[in-house]
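Colleague:
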Amino acid sequence: MVFWELMPRVRFAPSPTGYLHIGSARTFIFNWLYARKNNGTMILRLDDTDIERNTQVSIDSIFDGLNWLGLSWDEYYRQSERLDLHKEMAYRILAAGAAYRDFTPAQTEEEKQEDSGPWLFHPGMRELTSEESDARAAAGEPFVVRFRVPRGEGKAVKFKDSVFGDQYKKADEIEDFALLRSNGMPTYHMASCADDVDLKIDHIIRGQDHLTNTFKHVLIFEALGEVKPKFAHLPLLIAPDGAKLSKRKHGPVVSVTTYRDAGFLPQAYINFLCLLGWSPKNNREQMSRQELMDAFTFGGVNRSNAVVNFSEADPIDPKAQWLNGQHLRTVELAELLPMVRARIEADGLAIPEERFGLIVETIRARYTSLHDFAVKGRPYFADDFVMEEAARERLDEPGARELLRELGARIAASAEFTEASVEKILRDLATEKDVKPGVLINGSRAALTGQAVGPSAFHLFMAMGRERSVARLEGV
RNA sequence: GGCGCUAUCGUCUAGUGGUUAGGACGGGGCCCUCUCAAGGCCCAGGCAGGAGUUCAAUUCUCCUUAGCGCUACCA
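Numbering (my numbering), first residue to last: 965 to 1440.
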């Protein structure tokens, strides 16, 4: 075996008929984890053979979401540019006798409703002689090309799934599925298998909704004389009501960009998605991309569908929010700062460069979203912030305002401005005026941030800087 | 209807032929404390139901039920 044969080639193959769905994103992530862990090749392939339903908006949404997640791919293809290949392979199967032309007109919706039993093939079409078939095709009669599923031979179609184990199905129960439509376009099954062969995909990792389709795909690979790839099917992501996630029914929670727009860190969201249907089996929850990559195995993938826990009242899964908070307070500051900066600047606020890192360090432990820095954190970046009721009550305490103004004056006059110096000034003042330090401490927080709760007051002074601190104390 | 897949706290999950069925989120409480958050500790909460195999089943087998998927000239 040569070295490159050890390096897997995997693909993520979305069809651009909507926004980037969170289930799709998770499929991408698992493919990516597997490829990167094994020095493999990650391929992005747009399965855009359904020209009726494809939209540019959808393609943009897929790239949007993927770019946000920050996961890379090595090769990029569009099925619509590879139709000749798909057709060529379909005709190769036809020529080999493993497929046949079906001249039956397309069924209408009502006709489909009527037949209740399992449909396997249209009578008479499998038996057409090649002369008759060629003649009718030459005469311009429309047809679909169907796979001639082996019947009455007791053939079993089987494959081994890396997640679901050995899979087996009687060929007699598989319908003669279409390879080519009457307009000459390949179907999903044909295009997908042709590309998987041509692109030398050796491990197909996709949603469990394709588990039963895989029997058809195995038949195609066999008819093409190709070694079939390995398969790994992932459990589906479903809504709390048990239904599959759909935009129509569940709204924006199904779109990746919703989480970006909700102030998620991409690594936190990746972490969350990985925990849906996969487990490192060691009780680890918060994990970096590298840790996820190291820990990923198909053995850790679950077989049952996972519920994304959202509601009308709280559209974000609480565990996702918690994870975001965990990442927010543990990620390298240098990595966090640009993301916070972008969020702050989006609100048109000015960043005090010399204290930016300190501010973020001071407040990040109490936030769970990037938005919090601009909303709850507004007093750190702007002077027009709202004074909360609870904070006003602190200031309204008897004598509080005078004390705070005095504190401001003393801080302004002090030669030094450090946590220790401010603390000394504050405590000395409290002793001198015979009040509890808490009055000044809590009062300072209220004056500086307009909030009754928040970081330690002495950290606050440093984060706000001398000028802003003094101004706010003297302005109470 | 047919075929397939699945079934452990509300949710995500670990787990074993013998365990007080473990962890996390969320909920409740306590501690810490200048407030809040973080952190620490504690509490409530679960093996879908029924048979069978076995000395012993949450674990193995079968049935039922439920959910999901496929059953298109969608992907």
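Note that CB positions come from ideal geometry on N, CA and C, so glycine has one too.
Mapping DSSP to helix, strand and coil, what is Met965?
Modeller: Residue 965 sits at position 1 when you count from the first residue of the first sequence. Unreliable positioning characterises Met965 in this predicted model, as indicated by a pLDDT of 43, which lies under 50. A coordinate reading is not provided.
Colleague: Are the region 1370 to 1381 and the region 1309 to 1321 touching, with three or more C-beta to C-beta distances below 8 angstroms?
Modeller: Segments in contact, no.
Colleague: Suppose the cutoff is 6 angstroms on Cβ atoms and the five residues either side in sequence are ignored; what does the same chain contact list for Met1351 look like?
Modeller: In the first sequence, counting from the first residue as 1, residue 1351 sits at position 387. Residues Gly1414 of the same chain have their beta carbon placed closer than 6 angstroms to that of Met1351, with the five preceding and five following residues left out of the count.
Colleague: Check whether the region 1190 to 1200 touches the region 1006 to 1013, counting contact only when three or more Cβ pairs, one atom from each stretch, lie closer than 8 angstroms.
Modeller: no
Colleague: Thr1326 and Leu1292 look like a contact to me (Cβ under 8 angstroms); what is the Cβ gap, rounded to whole Å?
Modeller: Numbered from its first residue, the first sequence carries residue 1326 at position 362. Numbered from its first residue, the first sequence carries residue 1292 at position 328. Not confirmed; about 13 angstroms, so no contact.
Colleague: Any chance you could list the alpha helix (DSSP H) runs of at least 4 consecutive residues sitting entirely within the region 990 to 1076, in chain order?
Modeller: Correct list: 1020 to 1033, 1047 to 1059.
Colleague: Identify the continuous beta strand (DSSP E) that holds Ile1169 and give its terminal residues.
Modeller: For this step, residue 1169 is matched to residue 205 along the first sequence. It spans 1167 to 1171 - the beta strand (DSSP E) in which Ile1169 sits, taken as one unbroken run.
Colleague: My guess is that Ala1427 and Arg1409 are in contact by the Cβ rule of under 8 angstroms, so how many angstroms apart are they, rounded?
Modeller: For this step, residue 1427 is matched to residue 463 along the first sequence. For this step, residue 1409 is matched to residue 445 along the first sequence. 11 angstroms between Cβ atoms; not a contact.
Colleague: Helix, strand or coil, according to DSSP, for Ala1155 in the structure here?
Modeller: As a working note, residue 1155 is residue 191 in the first sequence. Assignment of Ala1155 by DSSP, reduced to helix, strand and coil, places it in the helix class.
Colleague: Find out if the Cβ-Cβ distance for the pair Leu1201, Ile986 is shorter than 8 angstroms.
Modeller: Translated into the one-based positions of the first sequence, residue 1201 becomes position 237. Translated into the one-based positions of the first sequence, residue 986 becomes position 22. Against a cut-off of 8 angstroms, the Cβ pair of Ile986 and Leu1201 comes out as a contact.
Colleague: Just the Cα atoms here: how many angstroms apart are Pro1106 and Thr1261?
Modeller: By 1-based counting over the first sequence, the position of residue 1106 is 142. By 1-based counting over the first sequence, the position of residue 1261 is 297. Computed Cα separation, rounded: 47 angstroms.
Colleague: Measuring CA to CA, which of Gly1061, Arg1042, Arg1356, Arg1253 is closest to Ala1187?
Modeller: Your numbering for residue 1187 matches position 223 in the first sequence. Closest by C-alpha distance to Ala1187, out of Gly1061, Arg1042, Arg1356, Arg1253, is Gly1061.
Colleague: Who are the Cβ neighbours of Gln1250 in its own chain at under 6 angstroms, not counting the five residues just before and after it?
Modeller: The residue labelled residue 1250 in the question sits at position 286 within the first sequence. Once the five neighbours on either side are set aside, the close Cβ partners of Gln1250 are Gln1290.
Colleague: Determine whether the beta carbon atoms of Asn995 and Arg973 lie at a separation below 8 angstroms.
Modeller: Position 31 of the first sequence, counted from the first residue, corresponds to residue 995. Position 9 of the first sequence, counted from the first residue, corresponds to residue 973. By the CB criterion at 8 angstroms, Asn995 and Arg973 fall outside the cutoff.
Colleague: Please report the distance separating the alpha-carbon of Gly1116 from that of Asp1136.
Modeller: To locate residue 1116, count along the first sequence from 1; it is residue 152. To locate residue 1136, count along the first sequence from 1; it is residue 172. Roughly 7 angstroms between the two C-alpha positions.
Colleague: Is it true that the region 1108 to 1123 meets the region 1140 to 1150, where meeting means three or more beta-carbon pairs spaced less than 8 angstroms apart?
Modeller: yes
Colleague: If you scan the region 1300 to 1343 from start to end, which runs of the alpha helix (DSSP H) of 4 or more residues do you find wholly inside it?
Modeller: 1320 to 1327, 1334 to 1338
Colleague: Keeping to the same chain, check which residues put their C-beta closer than 6 angstroms to that of Phe1236; ignore five residues upstream and five downstream.
Modeller: Reading the first sequence from its first residue, position 272 is the one you call residue 1236. Correct list, in chain order: Ala1284, Leu1287.
Colleague: I need the straight-line Cα distance from Arg1042 to His1174, nearest angstrom please.
Modeller: By one-based count along the first sequence, residue 1042 stands at place 78. By one-based count along the first sequence, residue 1174 stands at place 210. Distance between the alpha carbons of Arg1042 and His1174 is about 20 angstroms.
Colleague: Using a 10 Å radius around the Cβ and a threshold of 16 neighbouring Cβ atoms, would you call Ile1015 buried or exposed?
Modeller: Counted from its first residue, the first sequence places residue 1015 at position 51. That one is exposed.
Colleague: Please check the pair Ser1275 and Pro1204, which I expect to be a contact at CB under 8 angstroms, by giving their CB distance rounded to whole angstroms.
Modeller: Stepping through the first sequence from its first residue, residue 1275 is reached at position 311. Stepping through the first sequence from its first residue, residue 1204 is reached at position 240. At roughly 7 angstroms, the Cβ-Cβ gap stays under 8 angstroms, so Ser1275 and Pro1204 are in contact.
Colleague: When you compare the CB positions of Trp1032 and Arg1253, do they come within less than 8 angstroms of one another, or not?
Modeller: In the first sequence, counting from the first residue as 1, residue 1032 sits at position 68. In the first sequence, counting from the first residue as 1, residue 1253 sits at position 289. Taking 8 angstroms as the Cβ cut-off, Trp1032 and Arg1253 do not qualify as a contacting pair.
Colleague: Put Ser939 into one of helix, strand or coil per three-state DSSP.
Modeller: Summary: the structure shown does not reach residue 939, with the chain confined to residues 965 through 1440, and so no result is reported for it.
Colleague: By the 10 Å Cβ neighbour count, where 16 or more other Cβ atoms means buried, how is Gly1263 classified, buried or exposed?
Modeller: On the first sequence, residue 1263 is found 299 positions in, with the first residue counted as 1. Answer is exposed; the Cβ neighbour count stays below 16.
Colleague: Using CA coordinates, which residue listed in Glu1387, Asp1140, Leu1404, Thr1395 is at the minimum distance from Asp1360?
Modeller: The count along the first sequence starts at 1 and reaches residue 1360 at position 396. Selected option, being the one with the closest Cα: Leu1404.
Colleague: Quick one: is Met1448 buried, meaning 16 or more other Cβ sit within 10 Å of its Cβ, or exposed?
Modeller: Residue 1448 cannot be examined here, being either before or after the span of the chain that is shown, 965 to 1440.
Colleague: Which residues in the same chain have their Cβ closer than 7 angstroms to the Cβ of Arg1305, if we skip the five residues on either side of it in sequence?
Modeller: Numbered from its first residue, the first sequence carries residue 1305 at position 341. Only Ile1315 meet the Cβ criterion.
Colleague: Using CA coordinates, which residue listed in Pro1302, Arg1328, Ala1329 is at the minimum distance from Glu1317?
Modeller: Start at 1 with the first residue of the first sequence, and residue 1317 comes out as number 353. Checking every option, the nearest Cα to that of Glu1317 belongs to Pro1302.
Colleague: By how many angstroms is the C-alpha of Ser1126 removed from the C-alpha of Asn1273?
Modeller: Residue 1273 sits at position 309 when you count from the first residue of the first sequence. Residue 1126 sits at position 162 when you count from the first residue of the first sequence. Straight across, the Cα-Cα distance linking Asn1273 with Ser1126 is about 27 angstroms.
Colleague: For Leu1412 versus Leu1424, is the C-beta spacing smaller than 8 angstroms?
Modeller: Mapped onto the first sequence, residue 1412 falls at position 448. Mapped onto the first sequence, residue 1424 falls at position 460. Contact flag set, yes.
Colleague: Where does Pro1216 land, buried or exposed, given buried means 16+ other C-beta within 10 angstroms?
Modeller: The count along the first sequence starts at 1 and reaches residue 1216 at position 252. Exposed, by the Cβ-count rule.
Colleague: By DSSP, does Gly1129 sit in helix, in strand, or in coil?
Modeller: Sequence index remark: in the first sequence, residue 1129 carries index 165 (1-based). If DSSP states are grouped into helix, strand and coil, Gly1129 belongs with the strands.
Colleague: From Asp1038 to Asn1177, what distance separates their C-alpha atoms?
Modeller: Walking along the first sequence from the start, residue 1038 turns up at place 74. Walking along the first sequence from the start, residue 1177 turns up at place 213. Distance between the alpha carbons of Asp1038 and Asn1177: 27 angstroms.
Colleague: Please list the terminal residues of the continuous beta strand (DSSP E) segment that includes His1197.
Modeller: In the first sequence, counting from the first residue as 1, residue 1197 sits at position 233. Its beta strand (DSSP E) spans residues 1194 to 1198.
Colleague: Kindly indicate the opening and closing residues of the alpha helix (DSSP H) around Ala1411.
Modeller: By one-based count along the first sequence, residue 1411 stands at place 447. 1401 to 1413 is the extent of the alpha helix (DSSP H) around Ala1411.
Colleague: How would you label Lys1180, buried or exposed, when you count the other beta carbons within 10 angstroms and need 16 or more for buried?
Modeller: Here residue 1180 refers to the residue found at position 216 when the first sequence is read from its first residue. With 16 or more Cβ atoms within 10 Å of its Cβ, Lys1180 is classed as buried.
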